[in-house]
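Structure record follows, encoded as structure tokens.
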DNA sequence: ACCATATCGATATTATGTTATCGATATGGG
DNA sequence: CCCATATCGATAACATAATATCGATATGGT
């Protein structure tokens with residue numbers, strides 16, 4: 056398998072492009088059009104599209120819309136659905152579990168774990184288990200992606216258990232920086248970080 | 056007022072530093088210590104700290120912990136509380152509204168708006184108003200920061216109304232890129248973008 | 001009192017990401 | 001049939017951020 060690689064920034068722009076491409080109804084799409092839709096630089100978009108597209112763009116026409124959609128979906132892994140679990144089924148965990156949009160992104164949340172749960176419960180059609188059953192269940196389901204929505208005090212310990220159970224990627228909503236070995240990828244969705252930028256802006 | 060400016064990356068690291076500094080009990084803290092706590096580069100941390108600190112660090116000792124805490128809080132605007140509103144009180148909006156942690160970050164959510172609400176309702180001690188009362192209420196309260204948790208279809212229209220009402224910063228959880236004039240700052244907390252990085256990683 | 005060293009600030013280097021430029025090419029209009 | 005032009009790919013210039021290096025300095029240990 057030829058392993059192309061993409062910058063984080065590019066990867067983060069792809070979902071926007073995909074969204075637009077799915078709406079557009081023309082056979083071809085130009086970098087110019089995409090760029091102006093999102094207020095981005097034309098060259099940047101062209102580089103992004105060229106880097107994911109298997110077939111070259113054509114002068115004066117642009118890229119073939121359908122092929123491009125397929126290529127982006129492929130890079131993002133949509134279509135091949137990943138199964139994930141949520142640890143910490145409080146307000147935020149519930150909100151995420153209920154968020155139906157994830158299936159559009161190739162993500163299916165198949166189970167939840169919560170320390171307050173003593174016996175298996177159900178949230179809509181998703182089972183919630185006690186935390187102490189986490190490791191065996193994740194192992195059995197071969198879960199590779201986990202979402203952490205527990206509080207800061209418990210997040211690191213949960214994270215360690217997830218890694219022990221074989222999880223490869225972690226999406227962390229707890230307000231702290233998780234420490235993991237280099238082969239595990241962690242994405243921190245720390246609200247304090249986002250707020251820092253906005254808050255500092257208002258201070259001026 | 057001397058208007059120092061900080062890179063977004065630095066601003067996003069500051070909350071982590073702050074968290075650590077508050078826990079530490081020594082009179083001084085070195086960049087080295089902070090860096091090793093978070094697995095960051097020592098020089099990077101030193102540059103960050105030097106850029107926010109009003110007084111210089113001392114060789115062999117580091118920075119004065121308390122002064123540093125104060126300086127970071129100042130840059131982040133904690134202490135001076137900002138009032139914010141939430142538009143879209145669904146699962147996610149409720150989760151955010153209930154999240155008590157924001158007060159630690161100088162953010163107080165004072166009202167919500169939702170299109171399904173016809174007459175004023177209460178969520179704990181926060182009032183929820185119909186969307187059509189949004190503009191006058193935001194004007195009256197002089198709200199500068201708004202959180203958008205409506206669906207993608209309505210987000211741009213909500214955003215336009217917020218700007219019209221005088222909002223200066225927007226924290227957007229809807230999965231699309233909002234178009235605003237340059238003087239408004241938007242932070243997109245697009246789940247699809249975060250997921251893109253993780254998902255691509257698992258594909259390899 | 002002096003030396004070893006932790007830490008600092010400053011500067012230089014490297015890496016990454018964005019924007020500008022330019023020649024090539026294919027399409028549509030005169 | 002040819003020219004004007006939209007778009008491409010490639011390369012170059014620029015911007016920003018991360019890391020490495022180095023001399024200066026103050027502290028603690030001998």
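Residue numbers (the working numbering), protein chains in the order written: chain W, 56 to 259; chain D, 56 to 259.
For each residue, glycine too, the CB sits at the ideal point set by N, CA and C.
None of the values given here were measured: they were computed from a predicted structure.
Of the other Cβ atoms in all chains shown, fewer than 16 fall within 10 Å of the Cβ of residue 111 of chain W; this residue is therefore exposed. Taking 8 Å as the cut-off, the Cβ atoms of residue 251 of chain W and residue 131 of chain D count as close. The shortest CA-to-CA distance from residue 148 of chain D to any of D:197, D:169, D:80, D:101 is the one to D:169. Counting every other CB atom within 10 Å of its CB across the protein chains shown gives residue 155 of chain W a total below 16, marking it as exposed. Taking 3 residues as the minimum length, the beta strand (DSSP E) runs contained wholly in the stretch 209 to 240 of chain D are 224 to 227, in order along the chain. C-alpha of residue 215 of chain D to C-alpha of residue 231 of chain W: approximately 33 Å in a straight line. DSSP places residue 156 of chain D in the helix class (H, G or I) of the three-state scheme. Residue 174 of chain W and residue 196 of chain W have their C-alpha atoms roughly 19 Å apart. A Cβ-Cβ distance of about 16 Å is found for the pair residue 229 of chain W and residue 139 of chain W, leaving them out of contact under the 8 Å criterion. The beta-carbon of residue 113 of chain W is placed no less than 8 Å from the nearest beta-carbon of chain D. Within the same chain, and ignoring the five residues on either side of residue 65 of chain W in sequence, the residues whose Cβ sits closer than 6 Å to its Cβ are 103.
Distance from the CA of residue 257 of chain D to the CA of residue 193 of chain W, rounded to the nearest whole angstrom, comes to 16 Å. Secondary structure in the stretch 89 to 146 of chain D: the beta strand (DSSP E) runs of 3 residues or longer, each lying completely within the stretch, are 137 to 142 in chain order. For residue 78 of chain D, there is no enclosing beta strand (DSSP E); the enclosing alpha helix (DSSP H) covers residues 63 to 78. Taking C-beta separations shorter than 6 Å and ignoring five residues to either side along the sequence, residue 98 of chain W has no partners in its chain. Taking the CA atoms as reference points, residue 245 of chain D sits about 7 Å from residue 227 of chain D. Between the C-alpha atoms of residue 121 of chain D and residue 74 of chain D there is a straight-line separation of about 12 Å. Contact note: residue 71 of chain W reaches chain D through 232, using a C-beta cutoff of 7 Å and chain order. Nearest CB-CB separation between residue 63 of chain D and chain W: below the 8 Å threshold.
Bounds of the alpha helix (DSSP H) holding residue 190 of chain W are 189 to 196. Here the alpha carbons of residue 144 of chain W and residue 92 of chain D stand approximately 28 Å from one another. With contacts defined by Cβ atoms closer than 8 Å, residue 189 of chain W and residue 167 of chain W do not form a contacting pair. Burial check for residue 68 of chain D: the Cβ neighbour count within 10 Å reaches 16 or more, so the residue is buried. Look at residue 242 of chain W here: in three-state DSSP terms it is strand. Within the stretch 236 to 250 of chain D, those residues whose Cβ lies closer than 8 Å to any Cβ of chain W are, in chain order, 240, 242, 244, 245, 246, 247, 248, 249, 250. DSSP places residue 163 of chain W in the uninterrupted beta strand (DSSP E) bounded by 162 to 169. Contact with chain W is absent for residue 211 of chain D, since none of that chain's Cβ atoms lies less than 8 Å from the residue's Cβ. Take residue 128 of chain W, set aside five residues on each side of it, and the residues of its chain with a beta-carbon closer than 6 Å to its own are 134, in chain order.
At a cut-off of 8 Å between beta carbons, residue 150 of chain D contacts chain W.
For the pair residue 254 of chain D and residue 206 of chain W, the CB atoms are not nearer than the 8 Å cut-off. Here residue 204 of chain D has 141, 142, 143, 144, 145, 147, 148, 151, 228, 229 as same chain residues with Cβ atoms under 8 Å from its own Cβ, once five neighbours each way along the sequence are excluded.
Bounds of the beta strand (DSSP E) holding residue 176 of chain W are 176 to 178. Residues of chain W whose Cβ lies closer than 7 Å to the Cβ of residue 130 of chain D are, in chain order, 255. Residue contact check for residue 166 of chain W against chain D: no CB pair falls below 8 Å. Not a single CB atom of chain D sits nearer than 8 Å to the CB of residue 217 of chain W. Rounded to the nearest angstrom, the gap between the Cα atoms of residue 117 of chain D and residue 61 of chain D is 21 Å.
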